[in-house]
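> In terms of the numbering used here, the sequence shown opens at residue 1221 and continues consecutively.
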Amino acid sequence: VVRTMMGCPYWTVSDDAGFTWQAPEPLRQFDGGPVFQQPLSPCPMYCVDQGEYFFLFHNHDGHFEEWTPQDTSWHRRPIYVAHGQFRPGAHQPVWFAEPVFFMDNTGNKIGYGRGRTDLAMYDSVTIRNGMPVLWYPERKFFLLGKKMPMDWLAEMVVRKVGSV
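#1: How many angstroms separate the CA atom of M1341 from the CA atom of Q1258?
#2: Decide if I1347 is buried, meaning its Cβ has at least 16 other Cβ atoms within 10 Å, or exposed.
#3: Which value, in whole angstroms, describes the spacing of the CA atoms of Q1242 and P1313?
#4: Three or more C-beta pairs closer than 8 Å, one from the segment 1350-1363 and one from the segment 1249-1256: is that the case here?
#5: Would you mind working out which of Q1305, F1361, Y1332 sits nearest G1271, comparing C-alpha positions?
#6: Relative to the C-alpha of I1330, which residue among S1293, F1316, V1345, I1299 is closest?
#7: Could you tell me the alpha carbon to alpha carbon distance between K1380 and Y1332, rounded to whole angstroms?
#8: Is W1241 helix, strand or coil when you go by DSSP?
#9: Given E1245, which residues of its chain have a CB within under 8 Å of its CB, disregarding the five upstream and five downstream residues?
#10: Give the secondary structure of M1323 by DSSP, where H, G and I count as helix, E and B as strand, and everything else as coil.
#11: R1223 and L1260 look like a contact to me (Cβ under 8 Å); what is the Cβ gap, rounded to whole Å?
#12: L1373 lies in the alpha helix (DSSP H); which residues open and close that run?
#13: What does a CB cutoff of less than 8 Å around W1287 pick up in its chain, not counting 5 residues either side in sequence?
#14: Per DSSP, Y1300 forms a beta bridge with which residues?
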């Protein structure tokens, strides 16, 4: 998954360990489904088990509250999560459940100058006792860890290939 200035993330795959890549395409919830919206901001996707993923994104194209896509210090919130699963034979290899609101800071500013409100996902994931833990910087001042229980992700049902 690649962040872009197009108002949505793109995806691509390589069949030869990264020597060549397929033409990038907008990331969709599923083949032919809605395109995920995302401003110019990190939108990571993590593999947390065999064929199981979660995707973090802002769920808007940069037009958020009074902000525009150019206001990258202000519109990088809130955060949504979508559970993803590998779909063999599908055009887009990972399909996603409906996005779920994950977190926000309601735009409260902290820090020097004008302060910061962003929840940009410059993050990482570790697995502890079989449970994914998301590590992220809260407005780039605090490092926080949040458990991502697998049963919680499983509640976000991903459609099957061929379902309507």
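Yeah, the Cβ is synthetic: ideal placement off N, Cα and C, and Gly gets one too. Note that the coordinates shown come from a computational prediction; the quantities given were computed from them, not determined experimentally.
With the given structure in hand:
#1: 12 Å
#2: exposed
#3: 12 Å
#4: no
#5: Q1305
#6: S1293
#7: 48 Å
#8: coil
#9: Y1230, W1231, T1232, Q1312
#10: strand
#11: 6 Å
#12: 1370-1374
#13: W1294, H1295
#14: F1277, F1321
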